[in-house]
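Peer 1:
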Amino acid sequence: MLELDDVTLCYGAVQAVRGASLRVEQGEIVTLIGANGAGKTTILRAVSRMISPRSGVVRFEGRDLAGLTPDRLVRLGMSHCPEGRQVLARQSVRDNLILGAYVRTDKDAVQEDLEKAFQLFPRLRERASQLAGTLSGGEQQMLAIARAMMSRPKLLLMDEPSLGLAPIIVREIFEIIQGLNAQGVTILLVEQNAHLAMKTAHRAYVLEAGSIVAHGDAKELAGDQRVRKAYLG
Ligand code: ATP
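Start counting the sequence shown at 1; every next residue gets the next number (full-length UniProt numbering).
#1: For Arg203, count the other beta carbons within 10 Å of its own beta carbon; 16 or more makes it buried, fewer makes it exposed. Which is it?
#2: Contact between the region 112-127 and the region 58-73 is defined here as three or more beta-carbon pairs at a separation below 8 angstroms; is this criterion met?
#3: Let me confirm a value: Tyr205 is counted as buried when at least 16 other C-beta atoms fall within 10 Å, else exposed. Which label applies?
#4: Is the closest heavy atom of the ligand ATP to the C-beta of Asn36 under 7 angstroms?
#5: To the nearest angstrom, report how far apart Glu28 and Ala13 are at their CA atoms.
#6: Report the partner residues of Phe121 according to the DSSP bridge assignment.
#7: Given a threshold of 16 other Cβ atoms within 10 Å of its Cβ, counted over all protein chains shown, does Leu96 qualify as buried or as exposed?
#8: Determine the closest residue to Arg45 out of Leu4, Gly233 and Ala222, with distance taken between C-alpha atoms.
#9: With a Cβ-Cβ cutoff of 8 angstroms, do Ala201 and Leu232 count as a contact?
#10: Tell me, to the nearest whole angstrom, how far the beta carbon of Ala38 is from that of Glu208; I am working on the premise that it is less than 8 angstroms.
#11: Locate the beta strand (DSSP E) running through His215, then write down its first and last residues.
#12: Under 7 angstroms from any heavy atom of the ligand ATP, does the C-beta of Gln192 make it?
#13: Would you kindly work out how many angstroms separate the C-alpha atoms of Arg54 and Val47, rounded to a whole number?
#14: Does the Cβ of Tyr205 lie closer than 7 angstroms to at least one heavy atom of the ligand ATP?
#15: Bridge partners for Val57 per DSSP, in chain order?
#16: Compute the Euclidean distance between the alpha carbons of residue 234 and Thr31, then round it to the nearest angstrom.
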């Protein structure tokens, strides 16, 4: 479904990612783990075309994404749930969700999906009229996921969904991630919490200083001595 082929990504003169190649097959949860600054967020930004590769190709369903705008990608079936959640603080929970469906013209189906979002996240229903900025961190993360789902993505890009959340909320969020995957959503997951990420994902890639240094079945990688030592403590 998604393929990066020898992709190099730069911020001005700073090379953040060097020659990265990775694949995400339909139906998978694939995780990208690595230390702070390894380049994980940068790879997600390149997939959703917030930055263009210096070299290499990013393909979604076989199509080279060069030149496509982020909103075109949403129409093609990709949705990005960014780090730090980035909900619209001064808009209500309901308006944030409806905004997630901005590329859709099937208004009746949008209302049905809003209802589905409230079923999946009852806490958001209780707070539908509340300003998003007044939600707790965990609730904002739920809102960010629910909003990303409102475009009916085939591929969901998730950046650090556990960041800053209490362990009990993190478990809840990860159960939701697995539930979405069980419903057929393919997921590329960037996570600092390598334990949880490896437990949740089918396959994993390890990024070190901008280069992919290991990849494979998540359970096998979690048993790898070097990976255990560096990332699983
Ligand atoms: P973290 O887990 O801390 O979020 P990360 O693996 O997601 O880290 P990135 O945010 O992708 O790492 O950053 C990769 C490298 O690119 C870092 O060295 C970072 O300082 C640099 N970088 C990121 N964003 C910019 C930017 N806008 N301008 C310049 N350099 C940047």
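The beta-carbon is built from N, C-alpha and C at its ideal position, and this holds for glycine as well.
Peer 2: In terms of the structure at hand:
#1: Taking the sequence shown and counting its residues from 1, one reaches residue 203 at position 203. The Cβ neighbour count for Arg203, taken over all protein chains shown within 10 Å, is at least 16; the residue is labelled buried.
#2: They do not touch, by the three-pair rule.
#3: For the purposes of this step, residue 205 is taken as residue 205 along the sequence shown, with counting starting at 1. It is buried - the Cβ of Tyr205 has at least 16 other Cβ atoms within 10 Å.
#4: By 1-based counting over the sequence shown, the position of residue 36 is 36. Yes, since a heavy atom of the ligand ATP falls inside the 7 angstroms radius drawn around the Cβ of Asn36.
#5: Walking along the sequence shown from the start, residue 28 turns up at place 28. Walking along the sequence shown from the start, residue 13 turns up at place 13. If you take the alpha carbons of Glu28 and Ala13, they lie about 34 angstroms apart.
#6: Here residue 121 refers to the residue found at position 121 when the sequence shown is read from its first residue. The partner list for Phe121 (beta bridge, DSSP) is empty, contrary to what the question assumes.
#7: Counting from one through the sequence shown, the residue named residue 96 turns up at place 96. The identity of residue 96 in the sequence shown is Asn, whereas the question assumes Leu. Asn96 is buried by the Cβ-count criterion.
#8: What you label residue 45 is simply residue 45 of the sequence shown in a count that begins at 1. The option with the nearest alpha carbon to Arg45 is Leu4.
#9: Reading the sequence shown from its first residue, position 201 is the one you call residue 201. Reading the sequence shown from its first residue, position 232 is the one you call residue 232. No, Cβ-Cβ distance for Ala201 and Leu232 is not below 8 angstroms.
#10: Taking the first residue of the sequence shown as position 1, residue 38 is located at position 38. Taking the first residue of the sequence shown as position 1, residue 208 is located at position 208. Contact between Ala38 and Glu208 holds: their C-beta atoms lie close to 6 angstroms from each other, under 8 angstroms.
#11: Translated into positions along the sequence shown, residue 215 becomes position 215. Segment Ser211 to Asp217, the beta strand (DSSP E) holding His215.
#12: Translated into positions along the sequence shown, residue 192 becomes position 192. Result yes, Cβ under 7 angstroms from the ligand ATP.
#13: The sequence position of residue 54 within the sequence shown is 54, counting from 1. The sequence position of residue 47 within the sequence shown is 47, counting from 1. Answer to the nearest angstrom: the Cα atoms are 13 angstroms apart.
#14: Along the sequence shown, read from residue 1 onward, the residue named residue 205 stands at position 205. No, Cβ of Tyr205 sits at least 7 angstroms from all heavy atoms of the ligand ATP.
#15: Looking up residue 57 in the sequence shown gives position 57. Asp5.
#16: Residue 234 lies beyond the range of the chain shown here (1 to 233); nothing can be said about it.
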